[in-house]
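Going by our numbering, the first residue of the sequence shown is number 0, and it counts up by one from there. For glycine and all other residues, C-beta sits at the position ideal for the given N, C-alpha and C. Every value quoted in this text rests on a predicted model; they were computed, and no experiment measured them. This report concerns only the one structure given below.
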Amino acid sequence: MMTPHTRNISRRRAWLTGALLFALLPFTTSSVHAARGRTSVASGGTVGRPVATLAAGGEPMRGAVRRALAPRSGGTYIAEMLADRDSALARWPERGRPLSVWIQPSSDVEGWSSVYIRDVRRAFGDWADLDLPVRFAFTADSVHADVHVTFVDHFDEEISGRTKWSRDDDWWITDADIALAVYHRDGPRLDDDAMHAMSLHEIGHLLGLDHTRDSTSVMAPRVHVRVLSAADKATVRLLYTLPPGGVR
Numbered sequence: 000m001m002t003p004h005t006r007n008i009s010r011r012r013a014w015l016t017g018a019l020l021f022a023l024l025p026f027t028t029s030s031v032h033a034a035r036g037r038t039s040v041a042s043g044g045t046v047g048r049p050v051a052t053l054a055a056g057g058e059p060m061r062g063a064v065r066r067a068l069a070p071r072s073g074g075t076y077i078a079e080m081l082a083d084r085d086s087a088l089a090r091w092p093e094r095g096r097p098l099s100v101w102i103q104p105s106s107d108v109e110g111w112s113s114v115y116i117r118d119v120r121r122a123f124g125d126w127a128d129l130d131l132p133v134r135f136a137f138t139a140d141s142v143h144a145d146v147h148v149t150f151v152d153h154f155d156e157e158i159s160g161r162t163k164w165s166r167d168d169d170w171w172i173t174d175a176d177i178a179l180a181v182y183h184r185d186g187p188r189l190d191d192d193a194m195h196a197m198s199l200h201e202i203g204h205l206l207g208l209d210h211t212r213d214s215t216s217v218m219a220p221r222v223h224v225r226v227l228s229a230a231d232k233a234t235v236r237l238l239y240t241l242p243p244g245g246v247r
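Listed below in structure tokens is the structure:
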């Protein structure tokens with residue numbers, strides 16, 4: 000796993016977690032616990048049941064920057080993100096090379112399949128198709144990778160994925176780790192569709208997105224969809240036109 004950066008990088012880390020459950024399993028609740036310099040989000044969900052589109056919304060934007068941002072925020076959930084993060088945004092900087100992504104090539108977890116690697120790669124490809132300033136390149140070098148994706152048997156919480164990222168004092172994301180569970184906490188194994196959908200959700204966190212109340216979004220705490228929604232695409236595109244940090 001990557002060791003923490005030491006150059007101009009704060010010790011602050013963000014723990015962002017998402018989960019997917021099979022359609023016949025009961026929903027789990029979501030909770031957010033904020034502490035100084037750290038945010039913990041626990042979420043549960045299901046895959047595959049279509050739902051109606053909800054309008055994006057959030058508390059009224061405040062301040063000059065927010066007033067300037069407001070005309071561009073339609074069709075996004077950027078206002079919800081600002082409310083959840085105390086009016087601050089984090090994202091990766093634009094740079095001349097892609098983010099190097101290392102995906103664990105094998106696992107001793109019973110039931111793990113190499114098909115999961117394909118599911119994760121496909122999810123990265125779905126986000127990459129948006130032509131964001133952030134690009135991805137897969138690597139076999141786990142030591143120098145910017146992003147690590149690993150597989151675990153299960154989590155003790157009612158989640159099936161967890162993303163951790165670090166940022167510097169200017170709110171630029173500097174490195175990240177994603178852990179994906181092979182099994183839900185109560186036993187069932189994730190199928191390929193669930194692993195792909197969960198990967199989409201966690202990569203959204205990796206890029207700097209938070210949860211939204213829009214249940215048609217892959218970033219909903221309870222995930223009902225298997226593809227990126229129009230709001231997911233619009234929100235991440237808007238995020239990557241904004242400077243990181245506070246926007247009060």
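Between V100 and A144 the beta-carbon gap is near 6 Å, inside 8 Å, which marks them as a contact.
Between V151 and V119, the C-beta gap is not smaller than 9 Å, which leaves the two residues out of contact.
Listed as beta-bridge partners of V148 by DSSP are I102, I177. Contact between I172 and W164 is confirmed by a C-beta separation of about 5 Å, below the 8 Å threshold. Sequence-distant Cβ neighbours of R84 in its own chain, meaning closer than 6 Å and more than five residues away, do not exist here. Residue environment analysis places A233 among the buried positions, since at least 16 neighbouring C-beta atoms fall within 10 angstroms of its C-beta. Only residues of its own chain outside the window of five on either side were considered, and among them W101, H147 have a CB closer than 7 Å to the CB of S141, listed in chain order. The alpha-carbon of G160 is positioned some 18 Å away from that of D125. Put simply, the backbone Cα of E93 is about 11 Å away from that of P243. For the pair D168 and D192, the Cα-to-Cα distance works out to about 37 Å. Counting the other Cβ atoms within 10 Å of the Cβ of P70 gives fewer than 16, which makes it exposed. Rounded to whole angstroms, the Cβ separation of T75 and A219 is 14 Å, and the two are not in contact under 8 Å. The beta carbon of A127 lies closer than 6 Å to those of F135 in the same chain, with the five residues before and after it left out. When DSSP states are grouped into helix, strand and coil, I158 belongs to the coil group. With a 10 Å radius around the Cβ and a threshold of 16 neighbouring Cβ atoms, T240 comes out exposed.
Closest by C-alpha distance to M80, out of V235, R236, R225, D209, is D209. In this structure L227 is not in contact with L88, their Cβ atoms being roughly 19 Å apart against a cut-off of 8 Å. DSSP, read as helix, strand or coil, puts G203 in helix. Across the structure, Q103 and G73 are spaced so that their CA atoms are roughly 38 Å apart.
In the three-state reduction of the DSSP assignment, G245 falls in the strand class, which pools E and B.
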